[in-house]
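I have placed the structure first, in the form of structure tokens, so that the comments after it can refer back to it.
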Amino acid sequence: MTERPDSTVQNFDELAEVLEKYGKVPGSLITILQKTQDIYGYLSLDAINYIALKTGIKPAKIYGVATFYTQFRLKPIGKNLIMLCQGTACHVNGSKIIEEAITEHLSIQDGETTEDGLFTLNNVACLGCCSLAPVMMVKNSDGDETYGNLTKDTVRKALDEIRERG
Ligand code: FES
Numbered sequence: 015m016t017e018r019p020d021s022t023v024q025n026f027d028e029l030a031e032v033l034e035k036y037g038k039v040p041g042s043l044i045t046i047l048q049k050t051q052d053i054y055g056y057l058s059l060d061a062i063n064y065i066a067l068k069t070g071i072k073p074a075k076i077y078g079v080a081t082f083y084t085q086f087r088l089k090p091i092g093k094n095l096i097m098l099c100q101g102t103a104c105h106v107n108g109s110k111i112i113e114e115a116i117t118e119h120l121s122i123q124d125g126e127t128t129e130d131g132l133f134t135l136n137n138v139a140c141l142g143c144c145s146l147a148p149v150m151m152v153k154n155s156d157g158d159e160t161y162g163n164l165t166k167d168t169v170r171k172a173l174d175e176i177r178e179r180g
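Just so you know, we're using my numbering here: the sequence shown kicks off at 15 and counts up by one.
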């Protein structure tokens with residue numbers, strides 16, 4: 015049997031609840047996709063097909079919307095989601111330099127996941143702790159951890175420590 019590119023078996027119970035609420039509400043496709051991504055972390059082809067089946071919207075149209083908006087991810091996120099703030103305070107305090115350090119250190123760009131599935135990098139708007147600029151938050155199964163006053167060295171060290179934890 016050939017392996018499908020998107021072979022994660024997903025349980026659509028939660029999605030079914032979302033579709034029960036929004037499935038027949040005109041103009042709610044983006045809301046449905048946002049909620050789907052909140053549940054699964056990304057929009058799988060299976061989820062898109064399931065939404066199509068339940069709403070009657072063509073899969074190609076859903077896929078088109080999902081690829082048009084940068085907020086949507088079509089691939090699973092890594093174990094650690096790096097949310098690097100690019101808000102004004104962080105920008106002024108060197109967030110681009112921190113982004114360069116991350117992309118060099120992990121060999122990924124914004125929106126990408128490392129090959130080992132450990133990290134995904136996402137540039138985000140203000141995280142609400144501007145006094146610590148430049149800031150990143152790392153989200154994983156243990157919760158969220160905030161790293162402030164970052165420099166190239168401290169961000170590399172933080173990433174190495176996270177990697178060591180596995
Ligand atoms: S601008 Fe980065 S935390 Fe506010």
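The beta carbon of each residue, even a glycine, is placed where N, CA and C say it ideally should be.
Please read all numbers here as calculations on a predicted model, not as lab measurements.
Contact holds between the region 29–43 and the region 68–76, because three or more Cβ pairs, one in each stretch, are under 8 Å apart. Between the alpha carbons of I76 and A61 lies a gap of roughly 10 Å. Looking only at F82, M97, V32, the smallest Cα-Cα distance to I65 is reached by V32.
Taking a cut-off of 8 Å for Cβ pairs, the region 89–104 and the region 143–150 touch, as three or more such pairs fall below it. Closest in C-alpha terms to L57, from the list F86, L132, I44, comes F86.
According to the DSSP assignment, E159 belongs to the beta strand (DSSP E) that extends over 157–161.
Distance check between K153 and each of T50, L135, E28, D130 places L135 closest, using alpha-carbon atoms only.
Beta-bridge pairing by DSSP links I96 to L135, V152. Under DSSP, the beta-bridge partners assigned to T127 are T134.
Between F26 and D167, the alpha-carbon positions lie close to 42 Å from each other. Under the DSSP assignment, Y54 falls in the alpha helix (DSSP H) whose first and last residues are 43–54.
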